[in-house]
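Here is the structure we will look at.
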């Protein structure tokens, strides 16, 4: 069966809805009952990031050279988890995914490895993160939030309490990177406002070119200011190292943050 311009190689459903895996021209993608791709994997280059928004979510590398522990909210096909495991061998990962069936698909169809560095937790991040923050048992250098269902951003994480809990879980020099859906204007505005409140306006936005995604990067209080000249040089080096368009990402950050950029970057 063909769907979304590709061959459907897996189709099932759970209590949350439809799950489909579609292949087209060597690219395998996860769908939640719509044409929107939740995750994509190149069968020829499985460690690469195929979707523009996932590449944009690596923009944290402009501001942080490495990461030794990370929390991922929303596993999907596991693209970001695979990327961190591959490029940062010392990194300890914890991923929270609401749907057990999604984790199974990530293992069976998207090559998410059984790795001692990766712990996957089946839970609702909207309750797990505040509980985890209250326990204060762990802190992370990086938190990546990419929690979507077939309707859009998961409602359980759309609150100032969730972002406040994320901040509690960050180390002083930690970063929060979140994939927001810019076309949901009211929800996007609310989330951005909450982030700015929680992180004292140290928040940058990065629109994904030709897509509806909007990436937000929030900086904890221990993050120093960055020099734009140094960042431009670093972007070129990162592009050569990771084959991701970091100079374009930095250019777009500079373009779309005229109000807040001075709290993070000096020119």
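In our numbering, the protein residues as written are 96 to 362. Glycine included, every Cβ here is placed at the ideal spot set by N, Cα and C. All values derive from a computational prediction rather than experimental measurement.
Alpha-carbon spacing of residue i relative to residue j, whole angstroms
i: residue 271; j: residue 294; result: 10 Å
i: residue 254; j: residue 313; result: 15 Å
i: residue 129; j: residue 343; result: 29 Å
i: residue 196; j: residue 158; result: 34 Å
i: residue 361; j: residue 103; result: 49 Å
i: residue 238; j: residue 106; result: 31 Å
i: residue 146; j: residue 317; result: 31 Å
i: residue 350; j: residue 329; result: 18 Å
i: residue 268; j: residue 331; result: 23 Å
i: residue 266; j: residue 164; result: 10 Å
i: residue 170; j: residue 108; result: 17 Å
i: residue 167; j: residue 274; result: 12 Å
i: residue 393; j: residue 234; result: Shown here, the chain extends from 96 to 362; a query on residue 393 therefore has no answer.
i: residue 311; j: residue 358; result: 15 Å
i: residue 110; j: residue 192; result: 14 Å
i: residue 345; j: residue 134; result: 24 Å
Start-to-end residues for the alpha helix (DSSP H) that takes in residue i
i: residue 214; result: Premise fails: residue 214 lies in the beta strand (DSSP E), 213–217, not in any alpha helix (DSSP H).
i: residue 347; result: 341–350
i: residue 102; result: Segment 101–109 is the beta strand (DSSP E) holding residue 102; no alpha helix (DSSP H) there.
i: residue 221; result: 220–230
i: residue 323; result: 323–337
i: residue 197; result: 195–204
i: residue 161; result: From DSSP, residue 161 is part of no alpha helix (DSSP H); its letter is neither H nor E.
Residue i - containing beta strand (DSSP E), residue span
i: residue 266; result: 265–276
i: residue 296; result: First-last for residue 296: undefined, no H or E at that position.
i: residue 192; result: 187–192
i: residue 181; result: Counting along the chain, residue 181 falls outside any beta strand (DSSP E), though it belongs to the alpha helix (DSSP H) covering 174–182.
i: residue 166; result: 164–168
i: residue 313; result: 308–314
i: residue 112; result: 112–119
i: residue 235; result: 235–240
i: residue 134; result: 132–137
i: residue 125; result: 122–126
Classification of residue i by the beta-carbon crowding that lies within 10 angstroms, buried from 16 upward
i: residue 223; result: buried
i: residue 286; result: buried
i: residue 280; result: exposed
i: residue 186; result: buried
i: residue 160; result: exposed
i: residue 207; result: buried
i: residue 204; result: buried
i: residue 347; result: buried
i: residue 323; result: exposed
i: residue 189; result: buried
i: residue 309; result: buried
i: residue 194; result: buried
Supposed close pair residue i, residue j - CB separation, criterion 8 Å
i: residue 291; j: residue 298; result: 5 Å
i: residue 248; j: residue 276; result: 5 Å
i: residue 172; j: residue 125; result: 5 Å
contact_flag[the stretch 129–147, the stretch 219–227] where n(CB pairs < 8 Å) is 3 or more: no
Cβ pair count under 8 Å reaching 3, the stretch 172–191 against the stretch 253–267: no
Flag this pair as touching only if the stretch 336–348 and the stretch 147–162 have three or more C-beta atom pairs under 8 Å; answer yes or no. yes
Does the contact criterion of 3 or more C-beta pairs under 8 Å hold for the stretch 105–125 versus the stretch 197–206? yes
contact_flag[the stretch 233–253, the stretch 210–218] where n(CB pairs < 8 Å) is 3 or more: no
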